[in-house]
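Each residue of the sequence shown is one higher than the last, beginning at 97 in the working numbering.
Yeah, the Cβ is synthetic: ideal placement off N, Cα and C, and Gly gets one too.
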Amino acid sequence: MAENKHAEATIITIFGGSGDLTWRKLMPALFNLYLDNRLPEHFHIHGLGRQNYADTEYRKRLHEGVNKFSRRGKANPKIWEKFSSHISYCPADFAKPAFYTKLKKDIEAMEKEWEKPITRIFYLAIPPGIIEMISINLGKAGLVKDVLKNRVVVEKPFGHDLQSATTLNKKMLSIFKECQIYRIDHYLGKETVQNIMAFRFANALFEPLWNRNFIDHVQITVSEKIGVEDRGGYYETAGALRDMIQNHLLQLACLIAMEPPLSFAADEVRNKKVDVLNAVRPVTPQEVHNFAVRGQYGEGWIEGKKVKAYRDEKNVDAHSNTETFAAFKFFIDNWRWQNVPFYLRTGKRLQETISVITIQFRPVPHMAFPEESTENWQPNKLILNIQPDMGIRIRFQAKRPGLDMHLIPVDMLFDYSSTYTTGTPEAYETLLLDVMEGDATLFMRADQVEAAWRILMPVINTWAGNPSVNFPNYSAGMQGPEDAEALIARDGKSWIALPFDKKKK
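If you want it as structure tokens, here you go:
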């Protein structure tokens with residue numbers, strides 16, 4: 097199998113190598129990169145964790161994960177055997193400095209054997225509470241001295257609020273340079289999310305319309321049928337606002353709202369995103385009820401099965417005030433977007449699993465057609481579907497066939513699955529390859545993280561100080577609480593639910 101000629105020899109050290117993220121996401125992604133010839137000839141994956149695995153036992157467990165979760169299905173045994181020869185495992189106590197001394201010796205021995213320049217990647221697939229401890233120990237052991245070739249990947253959540261995020265940034269930046277830190281948000285690695293940039297900036301057709309003169313409002317919805325599953329303990333400390341809106345949804349909003357970059361250099365793109373976040377109109381504590389809505393699911397029915405309420409989930413407080421649904425409205429105070437509302441909503445145990453961005457255009461300034469011809473008339477919409485089906489739809493008006501003039505909405509559809517026959521890479525494949533190649537474009541910068549927290553802190557603090565008196569306030573299998581409908585209805589608008597029907601072509 098030919099290696100990626102553009103990638104340097106690489107050692108990937110995964111803290112949390114025995115955990116669920118490595119099993120479900122990281123190893124299937126790395127194996128797919130191997131199948132696509134995107135890994136270098138010299139590479140090694142070193143798993144570190146609290147479980148006491150021998151190398152053969154560890155590789156067997158990872159093989160099971162690849163067979164279960166890889167987009168390509170079960171791995172060819174011979175190819176897996178060759179790939180897994182590059183994998184090792186070490187039981188570890190992350191709090192002991194002696195462990196890092198040994199880790200350094202192991203990495204340096206491999207570098208000496210290869211006799212090549214080595215890229216060192218330290219992936220922190222760990223609980224957020226020990227990020228700082230591991231970072232300090234990596235620095236003290238001298239494992240991250242080379243600014244250009246030593247990198248650390250940090251999973252979300254990055255901080256619990258603005259203060260903790262700022263503190264963590266300061267600590268990490270005292271150990272690493274900003275260019276060494278890759279704060280990962282897997283949503284930004286999704287194929288359709290990346291296609292937003294191409295759609296906007298590679299086509300002359302849309303950019304002239306991409307402003308307050310033509311766009312009425314923007315909606316971003318990320319809904320899930322599933323509940324918190326076995327993540328009740330984590331979710332109790334997070335909630336929908338922290339878990340989804342602070343990172344995923346605000347980053348999607350940045351891609352929609354950002355100004356055209358001068359180039360696709362990482363910092364140029366990220367500068368434009370930060371400009372969006374810094375331009376978001378602040379919400380005062382007194383205004384929170386007009387801009388944010390929270391909800392928590394009760395028992396209900398999903399796909400014909402009765403499901404329990406959030407408060408009955410494992411590791412959840414029976415009187416929990418944690419929101420499983422959040423909706424947030426904001427404005428961007430700049431020339432392009434002045435007074436155009438952005439509506440974000442996300443929740444668990446909702447009616448469908450879908451991630452979709454809808455741009456609704458302003459109505460035509462004058463309707464020349466008779467009233468009976470336009471009873472089904474709708475404003476033009478642009479729908480960017482991220483998951484489960486990827487594609488882009490433009491909804492416009494056309495005359496219905498017949499002798500009379502009747503207008504109906506019709507669609508033009510770009511569907512990924514029918515247009516491209518090649519498999520679509522998973523988000524982690526894209527992001528891991530970017531880390532190896534030193535491309536930080538799709539990763540969060542310190543000022544981005546802090547700006548996103550700053551936007552939401554009035555909501556977080558207000559909700560924390562005023563527990564909800566009506567939780568649960570929506571049944572599982574519904575579209576969220578009634579207050580979410582009121583949030584957008586006050587502006588004379590409604591949430592747009594457009595299932596991505598591939599038959600409409």
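Quiz prompt | DSSP bridge partner residues for asparagine 411 (one or two, in chain order) | solution = Along the sequence shown, one-based indexing puts residue 411 at 315. DSSP, once it has assigned bridges, lists no residue as partnering asparagine 411.
Quiz item: To which residues of the same chain is histidine 344 closer than 7 Å at the C-beta, ignoring the five residues directly before and after it?
Solution: Working through the sequence shown from its first residue, we reach residue 344 at position 248. Same-chain partners within the cutoff: Asp281, Tyr283 and Val318.
Quiz item: What are the uninterrupted segments assigned as alpha helix (DSSP H) that are 4 or more residues long and contained completely in the region 353 to 409, given in chain order?
Solution: 362 to 375 and 384 to 387
Quiz item: Residue range of the alpha helix (DSSP H) that alanine 125 falls in?
Solution: Within the sequence shown, numbered from 1, the residue matching residue 125 stands at position 29. From DSSP, the alpha helix (DSSP H) with alanine 125 extends over 123 to 131.
Practice problem: Can you tell me the Cβ-Cβ gap for lysine 444 and valine 324, rounded? I've got them flagged as a contact below 8 Å. | Solution: Locating residue 444 in the sequence shown gives position 348, where the first residue counts as 1. Locating residue 324 in the sequence shown gives position 228, where the first residue counts as 1. With 8 Å as the limit, lysine 444 and valine 324 qualify as a contact, their Cβ atoms being about 6 Å apart.
Practice problem: Report the three-state DSSP secondary structure of methionine 553 (helix, strand or coil). | Solution: Walking along the sequence shown from the start, residue 553 turns up at place 457. Helix.
Quiz item: Quick one: Cα of glutamate 303 to Cα of arginine 296, how far?
Solution: By one-based count along the sequence shown, residue 303 stands at place 207. By one-based count along the sequence shown, residue 296 stands at place 200. Rounded to the nearest angstrom, the two C-alpha atoms are 6 Å apart.
Practice problem: Using only alpha-carbon positions, find the residue among Gly145, Ile108, Gly588 and Thr537 that is nearest to aspartate 189. | Solution: Your numbering for residue 189 matches position 93 in the sequence shown. Residue Gly145 is the option with its Cα nearest to aspartate 189.
Quiz item: Thinking C-alpha only, which one of Thr197, Ile271 and Gly255 is nearest leucine 264?
Solution: In the sequence shown, counting from the first residue as 1, residue 264 sits at position 168. Considering only alpha carbons, the answer is Gly255.
Practice problem: Label proline 378 either buried or exposed according to how many other C-beta atoms from any shown protein chain fall within 10 Å of its C-beta, with 16 as the threshold for buried. | Solution: Taking the sequence shown and counting its residues from 1, one reaches residue 378 at position 282. Exposed: under 16 other Cβ atoms inside 10 Å.
Practice problem: State the DSSP-derived secondary structure class of aspartate 312, mapped to helix, strand or coil. | Solution: If you number the sequence shown from 1, residue 312 lands on position 216. Of the three classes helix, strand and coil, the one that applies to aspartate 312 here is strand, per DSSP.
Quiz item: For the alpha helix (DSSP H) that isoleucine 227 lies in, which residues bound it at each end?
Solution: In the sequence shown, residue 227 corresponds to position 131, counting from 1. Run containing isoleucine 227: 227 to 236, per the alpha helix (DSSP H) assignment.
Practice problem: Find the nearest neighbour of histidine 140 within the set Lys156, Asn569 and Ala205, judged by alpha-carbon distance. | Solution: Counting from 1 along the sequence shown, the entry for residue 140 is found at position 44. Cα-wise, what sits closest to histidine 140 is Ala205.
Practice problem: Run the CB neighbour count on lysine 599, radius 10 Å, all protein chains shown included, and call it buried at 16 or more, exposed below. | Solution: Here residue 599 refers to the residue found at position 503 of the sequence shown. Its pLDDT being 46, under 50, lysine 599 is placed unreliably by the model, and nothing is read from it.
Practice problem: With DSSP collapsed to three states, give me the class of serine 184. | Solution: The residue given as residue 184 occupies position 88 in the sequence shown. Looking at serine 184 - three-state DSSP - the assignment turns out to be strand.
Quiz item: So, helix, strand or coil for threonine 262, using DSSP?
Solution: For the purposes of this step, residue 262 is taken as the residue at position 166 of the sequence shown. Threonine 262: helix per DSSP, three-state reduction.
Quiz prompt | Own chain, CB closer than 7 Å to threonine 380, minus 5 neighbours either side, in chain order | solution = Counting from one through the sequence shown, the residue named residue 380 turns up at place 284. Around threonine 380: Pro554.
Exercise. Using beta-carbon positions only, say whether asparagine 569 and glutamine 392 come within less than 8 Å of one another.
Key: The count along the sequence shown starts at 1 and reaches residue 569 at position 473. The count along the sequence shown starts at 1 and reaches residue 392 at position 296. Yes. Within cutoff.
Self-check item: Cβ-based burial, arginine 431 [other Cβ within 10 Å; buried from 16]
Solution: Working through the sequence shown from its first residue, we reach residue 431 at position 335. Looking at the sequence itself, residue 431 is tryptophan, so the reference to arginine does not match. Burial call: exposed.
Quiz item: What did DSSP end up calling lysine 598 once you bin it into helix, strand or coil?
Solution: As a first step, residue 598 must be located in the sequence shown, where it is residue number 502. For lysine 598, the predicted structure reports a pLDDT of 49, less than 50, and the residue's modelled location is therefore unreliable. The matter cannot be settled from this model.
Practice problem: Over the uninterrupted alpha helix (DSSP H) stretch that includes methionine 532, give me the two end residues. | Solution: Here residue 532 corresponds to residue number 436 of the sequence shown, with the count starting at 1. Methionine 532 -> alpha helix (DSSP H) spans 523 to 533.
Quiz item: From this set, Ala191, Ile214, Gly238 and Leu126, which residue's C-alpha is nearest isoleucine 183's C-alpha?
Solution: Along the sequence shown, read from residue 1 onward, the residue named residue 183 stands at position 87. Looking at the Cα atoms, Leu126 is the closest of the given residues.
Practice problem: For my contact list, isoleucine 232 and isoleucine 271 are in at a C-beta cut-off of 8 Å; report their separation, rounded to the angstrom. | Solution: For the purposes of this step, residue 232 is taken as the residue at position 136 of the sequence shown. For the purposes of this step, residue 271 is taken as the residue at position 175 of the sequence shown. That pair is a contact at about 7 Å.
Quiz item: Which residues in the same chain have their Cβ closer than 6 Å to the Cβ of lysine 321, if we skip the five residues on either side of it in sequence?
Solution: Residue mapping note: residue 321 aligns to position 225 of the sequence shown, counting from 1. Closer than 6 Å at the Cβ level, and outside the excluded window around lysine 321, lie Ile398 and Thr449.
Quiz item: Grouping DSSP H, G and I as helix and E and B as strand, with all else coil, what is serine 590?
Solution: Locating residue 590 in the sequence shown gives position 494, counting from the first residue. Correct three-state label for serine 590: coil.
Quiz item: Would you call threonine 83 buried or exposed, if buried means 16 or more other Cβ atoms sit within 10 Å of its Cβ?
Solution: Shown here, the chain extends from 97 to 601; a query on residue 83 therefore has no answer.
Practice problem: Please state whether DSSP places lysine 208 in a helix, a strand or coil. | Solution: Sequence index remark: in the sequence shown, residue 208 carries index 112 (1-based). In the structure shown, lysine 208 sits in a helix (DSSP, three-state: H, G or I).
Exercise. Could you tell me if alanine 298 is buried or exposed, where buried requires 16 or more neighbouring beta carbons within 10 angstroms of its beta carbon?
Key: As a first step, residue 298 is located in the sequence shown; it is residue number 202 there, counting from the start. Per the 10 Å Cβ criterion, exposed.
Practice problem: Answer yes if the region 244 to 262 comes into contact with the region 538 to 552, meaning at least three C-beta pairs across the two stretches below 8 Å, and no otherwise. | Solution: yes
Self-check item: Three-way DSSP call (helix, strand, coil) for tyrosine 570 in this model
Solution: Taking the sequence shown and counting its residues from 1, one reaches residue 570 at position 474. In this structure, tyrosine 570 counts as strand in the three-state DSSP scheme.
Self-check item: Cβ neighbour criterion (16 or more within 10 Å) applied to leucine 346
Solution: If you number the sequence shown from 1, residue 346 lands on position 250. It is buried - the Cβ of leucine 346 has at least 16 other Cβ atoms within 10 Å.
Quiz item: What number of angstroms, rounded off, separates the C-alpha of phenylalanine 195 from the C-alpha of alanine 593?
Solution: On the sequence shown, position 99 is the one that residue 195 refers to. On the sequence shown, position 497 is the one that residue 593 refers to. One C-alpha to the other measures close to 53 Å.
Quiz prompt | Counted within 10 angstroms of its Cβ, other Cβ atoms place glutamine 434 as buried (16 or more) or exposed | solution = The sequence position of residue 434 within the sequence shown is 338, counting from 1. Exposed: under 16 other Cβ atoms inside 10 Å.
Quiz prompt | lysine 495 classed as buried or exposed, judged by whether at least 16 other C-beta atoms fall within 10 angstroms | solution = Sequence index remark: in the sequence shown, residue 495 carries index 399 (1-based). So lysine 495 counts as exposed.
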